[in-house]
Structures are given as structure tokens and as C-alpha cells.
Amino acid sequence: MKKLISTVLSLCLILTLLAACGGKPAGEAAPADSAIPTADSGDAVRVVLIGNQKFGDNGPMDDMAAAGERAAAELGVEFKKIESSPASFEEDIRSMSQEGYDLVITTFGYMSDATKLVAQEFPDTKYAAIFQEINTPEEPVANLWDAVFRGQTTFYVDGYIAGLATKTNRVGFIVGGEEPGPNAEGNGFMRGVRDANPDAVVEFAYASYEDSAKAKEVALAMIDKGCDVIQGDCAAPDAGIIEAVNETGKDVFVMSCIMDYTDASKNFVGTIKMNYGTAVYDAIQAVVDGNFPGGQQGIRDITNDGYYLYWEAYDSFPERTDNAEYAAAFKDAIAKGKEIEAKIKAGELVVEFDPIAPDWNRIAAE
14 MKKLISTVLS LCLILTLLAA CGGKPAGEAA PADSAIPTAD SGDAVRVVLI GNQKFGDNGP
74 MDDMAAAGER AAAELGVEFK KIESSPASFE EDIRSMSQEG YDLVITTFGY MSDATKLVAQ
134 EFPDTKYAAI FQEINTPEEP VANLWDAVFR GQTTFYVDGY IAGLATKTNR VGFIVGGEEP
194 GPNAEGNGFM RGVRDANPDA VVEFAYASYE DSAKAKEVAL AMIDKGCDVI QGDCAAPDAG
254 IIEAVNETGK DVFVMSCIMD YTDASKNFVG TIKMNYGTAV YDAIQAVVDG NFPGGQQGIR
314 DITNDGYYLY WEAYDSFPER TDNAEYAAAF KDAIAKGKEI EAKIKAGELV VEFDPIAPDW
374 NRIAAE
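Here our numbering is used: the first residue of the sequence shown is 14, the next is one more, and so on.
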């Protein structure tokens, strides 16, 4: 009997030790510590937006931050935003990944190398790369989605309007920096000018996405060269172009991107706007819903309002300006611009994505 009791006790001890070593009953899965919270998990999804530009200037960063705040209110996520700089892109992305954020959002092509590198180090974290091109068919990053913005079509429309409205046959295009997307926008604008007015010439220059004084300096130089229409593509620093026009008092008219200066200058025609925020919100929504499209690109363009022409501003320009000649010219040009937009949306007119640095001589010779 003692021998039997001893045997039973030994078996019980063995079973107890096995349970203590982490055994689970059949059919019960072990929890995945690295799983991303979803709407069904009950845990709040943690999201951080790392911006490569300043917040607080009503530019792209604020549009994206507003979308993050809206997601926090509507989807129950935890949202944080931070500003970064080129010297700390990689460090900041890695730090937020180490802190356990479920979705790390980065902005613009300047952050692409750092985003891709860190994303590969943290395969259980999701990354949304806004206005970036990282995924390729040959080398997709499974935990990264990039929102690719294609603005050459909307800038083609603005270029067409400028080409029809100019009286000096000289227009300007000022962009914040050299990246594939903005380059394509400049080329789209040039092709629009060329197709509307073969006699026109486009002056092109890079300025800054941060420094309004630089944009103003470039605009003044273009005004001196005789440009009577200037297209800005610098986000908030387009304010410098407005300053230049207001200070000279000349008949020079401005179109912008993102920013609306209808209250700042009677010479402001209209603006192209972008829905950066919808890309941010959609990325957060996808993580919450558990269907994050890692390894894929999401194209944002004129067909889905990734870029769109804010026609309300354009339509009000003839009433806002005190120059009857240009009012009439722009009114007719804007009407034609709407026809061009409709053709693009219908697929009747294709504007190629051309990321090469804009060169008027090259475009004019095509």
C-alpha cells in the first residue's frame, strides 16, 4: 500500500511540475504578446505621428495631426505627435517603436530610408509612410503601407489655367524641395502651360518647405523677370510669395497648394488642396479593424480627392480682384480648367508621372 501511495504522489508531483512549466489545456492558444490591438481586442491602439516639418502652421503636419486627433475621438485610439529632424529621423522612429506603439506614421520622402530600415527591425509594429514610396513589387515591406500622392494631374490643370490667363507669356513655379512627387507636380504644371499656350515660358525654382523668406526671395526674382502668374508648391511658405506680390503692387497673380490666401491678397487666384489627413485616418482605421494593408501602396490623386482643386476660391477670384482684364482672363481660363479636370477624371487625358527635376527646355521640346 505504501508503495502504491508513493507512486500516486509521484505522478501528481510530475503533473504539477508540468503545469507549472507552462502547459495549456488542449484547444487553448497561448496569448501572442506582440499582437497588435484591434477593435475586438478591447485594448487601445497606440499611434504616433512623427513629422518632419513643424506643427502649428496650418500646413500638412496639422492636417495629419487633426486626423489623428479625430481617430482618437472616433476610434478610441491613443494618439501622440512629435516633431523630428533629419539628424534624428532614425532615432525617433526606433524610439517610438521600442516604446510599443502599434502604428508609427512618418511623413514625406525625407523619412523614407529611416522608416524602411526601422520597419524591418520591428516586424510586429505597423508603419504608415505618408507621401512616400517605399514598397515595390520586387521588395515589399510586409508591415509597412505607403500612401503615394500623385499631384501632377491637378498641377496640370493649374498650369493650363496659368497658360491661358498670362498676359506676359511668362509664369513661375516655386516648389519647396527636390523630391519625386513635387518634381512630377512641376512637370505637370509645365505641360499644362505648354498645352494651353505654346508661346509661354515657365520659370522654375526650388525654395523651402519651412522658410517663407526663401519663397519670397524666389518670387521677387521671378517678378523681376516678368512673371505675371506664379504657382506656389511650398505649403506654408507660399505666404512668402503672397508677401512678394503684395509688396511690389504689380499685376502678378498667385496660385497655391494647400494654403488658402483669399483673405491675404486680392491677387490670390485659388489653391490646390490635399487630403493628407484622410491617408492618416485610413491607416489608423485599418489597424483598428485588423486589415492593415502592409506591403502595399495606396495611390492618392485627383480621382479620389487625394489632390483636388478648391474651386470655391477660383470662382470667387474675378469678384475679388480689381483688375478687370485679368478677371476676365482668369474667368475664362478657370472654366476651361474645369473641362480639363473632367477629362482627366474620365480617363480621356493622361498626365504622366515624371519625377525628373523640372526643366522647361525639356518639356517645351517634347
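Backbone N, C-alpha and C fix where the C-beta goes; we use that ideal spot for every residue, glycine too. Predicted model, so just to flag it, every value in this text is computed and none were measured.
Distance CB(residue i)-CB(residue j) smaller than 8 Å
i	j	result
Ile174	Ile143	no
Ala232	Gly253	yes
Val301	Leu88	yes
Val265	Ile243	yes
Leu362	Ile376	no
Glu256	Gln66	no
Thr166	Ala213	no
Phe162	Met287	yes
Ala197	Asp314	no
Lys139	Arg183	no
Gln309	Asn156	no
Val282	Phe330	yes
Ala57	Glu112	no
Asp246	Cys270	yes
Leu116	Ala85	no
Phe350	Val206	Note that residue 350 is Gly in the sequence shown, not Phe. No, they are not a contact pair.
Ile285	Phe168	yes
Ala249	Gly72	yes
Val293	Met77	yes
Gly172	Met203	yes
Val267	Ala220	no
Ile106	Ala127	yes
Ala209	Gly164	no
Thr275	Arg333	yes
Gly81	Met74	no
Trp158	Gly290	no
Val60	Glu103	no
Coil, strand or helix - residue i by DSSP
i	result
Asp159	strand
Gln145	coil
Tyr173	helix
Gln66	coil
Met203	helix
Val214	strand
Ile382	With the chain covering 14 to 379 only, the question about residue 382 has no answer from this structure.
Thr208	A small fix is needed here, since residue 208 is Asp in this sequence, not Thr. Here Asp208 sits in helix by DSSP.
Ala139	Before going further, note that residue 139 is Lys rather than Ala in the sequence given. Strand.
Asp295	helix
Gln310	strand
Phe305	coil
Val363	coil
Val61	strand
Start-to-end residues for the beta strand (DSSP E) that takes in residue i
i	result
Thr284	281-287
Cys270	266-270
Asp246	242-246
Phe186	183-188
Neighbour-count burial assignment, residue i, 16 or more Cβ in a 10 Å radius
i	result
Asn200	buried
Trp324	exposed
Gly194	buried
Glu191	exposed
Ala43	Any answer about Ala43 is weak, because its pLDDT of 28 lies below 50 and its placement is not dependable; what the coordinates show is given next. Answer is exposed; the Cβ neighbour count stays below 16.
Ile357	buried
Ala296	buried
Asn304	exposed
Ile95	exposed
Gln133	exposed
Ser98	exposed
Gly122	buried
Ala160	buried
Gly360	exposed
Segment limits, alpha helix (DSSP H) that includes residue i
i	result
Val13	Because residue 13 is not part of the residues shown, which for the chain are 14 to 379, the question remains open.
Phe343	337-358
Asp328	324-333
Ile255	251-261
Ile376	373-378
Residue i Cβ short of 7 Å to the ligand MN heavy atom set
i	result
Met74	Absent from the structure shown: the ligand MN. Ligands present: none.
Curious, which full-length alpha helix (DSSP H) runs of at least 4 residues does the region 75-125 contain? The region 75-125 contains these whole alpha helix (DSSP H) runs: 102-111.
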